[in-house]
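As structure tokens, the structure follows; a few thoughts come after it.
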Amino acid sequence: MSNSNTIFLVNKNDLFKTAFADESKPRPGKNEVILKIYNYAFTANNITYAVVGEKLGYWQFFPTEDPYGIVPVWGFADVVSSNHEYITMDDRYYGYFPMSTYLKVNPENVKPFGFIDGSKHRQSLPAVYNHYATVSKAIDDTIDYHPIIKPLFLTSFLIYYYLKDEEFFDADQIILTSASSKTALSLAYLLKKNQVADQKQIIGLTSERNVDFVASVGFYDKIIAYNNFEEQLNEDESMVVDFAGNSDHLKKLHSYFGDLLKYICLVGLADWSSGVDFKSIPNANFFFAPDHVEKRYRELGVKETTLLANNALQEFIITIKNWMALSYIQDREELCTMYLDILKGNIDPSKGYMVQLVK
Numbered sequence: 137m138s139n140s141n142t143i144f145l146v147n148k149n150d151l152f153k154t155a156f157a158d159e160s161k162p163r164p165g166k167n168e169v170i171l172k173i174y175n176y177a178f179t180a181n182n183i184t185y186a187v188v189g190e191k192l193g194y195w196q197f198f199p200t201e202d203p204y205g206i207v208p209v210w211g212f213a214d215v216v217s218s219n220h221e222y223i224t225m226d227d228r229y230y231g232y233f234p235m236s237t238y239l240k241v242n243p244e245n246v247k248p249f250g251f252i253d254g255s256k257h258r259q260s261l262p263a264v265y266n267h268y269a270t271v272s273k274a275i276d277d278t279i280d281y282h283p284i285i286k287p288l289f290l291t292s293f294l295i296y297y298y299l300k301d302e303e304f305f306d307a308d309q310i311i312l313t314s315a316s317s318k319t320a321l322s323l324a325y326l327l328k329k330n331q332v333a334d335q336k337q338i339i340g341l342t343s344e345r346n347v348d349f350v351a352s353v354g355f356y357d358k359i360i361a362y363n364n365f366e367e368q369l370n371e372d373e374s375m376v377v378d379f380a381g382n383s384d385h386l387k388k389l390h391s392y393f394g395d396l397l398k399y400i401c402l403v404g405l406a407d408w409s410s411g412v413d414f415k416s417i418p419n420a421n422f423f424f425a426p427d428h429v430e431k432r433y434r435e436l437g438v439k440e441t442t443l444l445a446n447n448a449l450q451e452f453i454i455t456i457k458n459w460m461a462l463s464y465i466q467d468r469e470e471l472c473t474m475y476l477d478i479l480k481g482n483i484d485p486s487k488g489y490m491v492q493l494v495k
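Take 137 as the starting number for the sequence shown in our numbering and just add one per residue.
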């Protein structure tokens with residue numbers, strides 16, 4: 137087993153500057169546990185964590201020395217050292233990890249289905265990111281899709297029920313920007329699944345190069361390239377769920393629809409480098425998933441919310457295998473290349489990336 141903790145670092149002031157740090161493997165103190173990260177997903181969502189890391193506190197989960205930060209990722213890890221009586225060696229957990237080899241945690245509220253990391257620096261951070269779920273090591277050909285899709289799908293699950301609670305802001309058509317992104321596809325799937333009941337048209341806006349891919353998935357009623365939307369969008373009462381973060385596109389949509397544009401739900405920053413200016417856009421508000429998780433928990437209870445979301449996720453994953461192939465990143469050079477490609481927006485929507493560095 138490697139005694140080196142390799143950490144992928146990103147300069148918080150210039151996300152294009154990266155570095156690797158090699159530190160000693162951490163040692164567990166009283167009641168602490170060392171997890172060795174088995175693999176993790178990397179998507180455009182992780183770029184969003186970095187872009188808004190200072191504003192929304194994402195850099196605080198795994199602090200390091202300035203000017204660097206550690207981008208949080210979702211993945212799996214195994215227990216390699218434990219000083220906790222209820223956490224045993226080789227147990228596997230799914231959760232929120234640094235881009236590193238190891239993570240030291242302080243398990244609290246340990247249950248058969250998982251635990252909460254009670255480390256002091258995480259106590260003021262959103263609780264949804266501090267839970268680590270027990271995972272079976274039994275062979276499952278869908279398991280590696282979970283770190284890629286689960287956090288994105290759960291965000292879309294929360295968006296869908298938020299929009300439904302608000303009666304879709306009286307819109308007849310729901311327009312999703314960055315329609316090829318996995319979060320947008322997750323929401324489009326839920327809208328399509330419930331279309332008979334909701335009676336909403338599902339419109340996808342995407343780049344010209346991704347039109348054919350988005351059409352092949354089959355979740356949208358109409359797919360339109362950004363540069364053609366004035367010619368193809370119906371002038372109906374509409375709302376936008378924005379995954380791109382391109383304020384110029386949103387201003388053009390508002391200019392086109394005027395009062396027919398009822399609401400803009402701001403979610404992602406897939407096009408983060410375009411320059412972000414949302415303050416001048418009417419009826420546009422940011423969607424912060426942790427707040428909506430707590431709302432669902434209060435209204436439905438944790439157990440019912442989790443069951444409903446997981447059942448929907450499993451159904452979605454069955455469809456994913458038809459249009460998304462897994463691609464494994466296994467060395468530092470590949471990791472840097474993948475990171476920079478996604479940062480630049482050079483994303484192949486038909487691929488899902490799992491990082492599993494060979495030690």
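For every residue, glycine included, the Cβ atom is placed at its ideal position computed from N, Cα and C. Predicted model, so just to flag it, every value in this text is computed and none were measured.
Judged by their CB atoms, Lys398 and Phe305 are nearer to each other than the 8 Å cut-off. By the Cβ neighbour-count rule, Tyr194 is buried, with 16 or more other Cβ atoms within 10 Å of its own.
In the displayed model, Phe422 falls within a strand according to three-state DSSP. Taken in chain order, the unbroken stretches of alpha helix (DSSP H) that lie wholly in the stretch 270 to 322 and span 4 residues or more are 281 to 301. Taking the CA atoms as reference points, Ser391 sits about 17 Å from Leu312. Counting of Cβ neighbours within 10 angstroms places Phe156 among the exposed residues, the total staying below 16. The stretch 164 to 179 makes contact with the stretch 211 to 221: 3 or more CB pairs, one atom from each, lie closer than 8 Å. Residue Tyr296 holds the alpha-carbon nearest to the alpha-carbon of Gln331 among Tyr296, Ser343, Ala315, Ser314. Ranking Lys286, Phe152, Asp150 by CA distance to the CA of Thr179 puts Lys286 first.
Here the stretch 200 to 207 makes no contact with the stretch 255 to 267; the two share fewer than three CB pairs at distances below 8 Å. If you draw a 10 Å sphere on the C-beta of Gly394, you find fewer than 16 other C-beta atoms in it, and that means exposed. Here the stretch 308 to 327 lies against the stretch 348 to 357, with 3 or more beta-carbon pairs under 8 Å apart. Here the alpha carbon of Ala448 sits roughly 11 Å from the alpha carbon of Ser292. Within the same chain, and ignoring the five residues on either side of Phe349 in sequence, the residues whose Cβ sits closer than 7 Å to its Cβ are Ser316, Pro485, Ser486. By the criterion of a C-beta distance shorter than 6 Å, Ala307 is surrounded in its chain by Glu373, Ser374, Met375, Lys398, once the five residues flanking it on both sides are discounted. DSSP places Ala155 inside the beta strand (DSSP E), whose first and last residues are 154 to 160. Gly231 is not a Cβ neighbour of His282, given a cutoff of 8 Å. Asp150 and Asn182 have their C-alpha atoms roughly 15 Å apart.
In the DSSP assignment, Gly189 falls within the alpha helix (DSSP H) that extends over 189 to 192. Between the stretch 454 to 474 and the stretch 430 to 446 there are fewer than three inter-stretch CB-CB distances shorter than 8 Å, so the stretches are not counted as touching. DSSP, reduced to helix, strand and coil, places Thr179 outside both helices and strands of the structure shown, so it counts as coil. Closest by C-alpha distance to Ala420, out of Ile400, Leu471, Val187, is Ile400.
In this structure, Lys148 sits near Glu190, with a CB-CB distance shorter than 8 Å. In this chain, the alpha helix (DSSP H) harbouring Glu440 covers 438 to 456.
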